Amino acid sequence: MAAPDWVVAVHTFATLAMMGLIWFVQVVHYPLYAKVGPQAFAEYHALHVSRTTSVVAPLMLAELGAAVWLLLDPNDRFSGWMPLVGLGLLGVIWGSTALLQVPSHGRLQEAFTPKAHAYLVGTNWIRTVAWTARGVLVVLAPMSVHGY
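FYI, the numbering for the sequence shown is 20 to 167, going by the numbering used here.
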């Protein structure tokens, strides 16, 4: 039995949504942290974290669930190695989030410093590149199977 097409659709949607979101965060949102100002930063940052979490958590969980499903019950739209590579990229993303970005946000919540800000922006490239690779994978995977 193969994963249903709706699992592929959820996986593709969540991955592409997160890819677009991470590029927005990387290029627009995180760099603008430096313009908020010290008086307003703590409140701004707390709101950023809570509102961003409400958007990204469901997408990240849907993406992870669908990726695991596709690894355990592959759909014929993907070749054998693609679900494993995709899940490996999610491991990089989740690991980077837990080990680098979440602690960076914790430091920034205490006080904005240019060093903490630069670290967040710099390390976030890990997630940006990994989600971009996942985006390419979910778009090209069906094409490679069907010979496009």
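We put the CB at the ideal spot given by N, CA and C, even for glycine.
Since the model is a prediction, treat every value here as computed from it, not as a measurement.
CA-to-CA, the gap between Q45 and L139 works out to about 10 angstroms. Ranked by how close their Cα comes to the Cα of W150, the residues V121, V104, A130 and L118 have V104 in first place. T132 sits in coil when the DSSP states are folded into three classes, being neither helix nor strand. Each of S115, P57, H67 and V68 was checked against the Cα of T132, and the nearest Cα belongs to P57.
Only residues of its own chain outside the window of five on either side were considered, and among them H30, T31, T34, L35 and G105 have a CB closer than 8 angstroms to the CB of V157, listed in chain order.
Take the alpha-carbon of M101 and the one of G110: they are about 14 angstroms apart. Sequence-distant Cβ neighbours of Y49 in its own chain, meaning closer than 7 angstroms and more than five residues away, are L139, V140 and N143. Scanning its chain for C-beta atoms nearer than 6 angstroms, with the 5 sequence neighbours on each side dropped, one finds around L108 the residues A149, A152 and R153, in chain order. The beta carbon of V55 sits closer than 6 angstroms to the beta carbons of Y63 from its chain, once the five residues preceding and following it are set aside; these are given in chain order.
P93 sits away from G84, with the two beta carbons spaced by 8 angstroms or more.
Rounded to the nearest angstrom, the Cβ distance from I41 to T147 is 5 angstroms, consistent with a contact under 8 angstroms.
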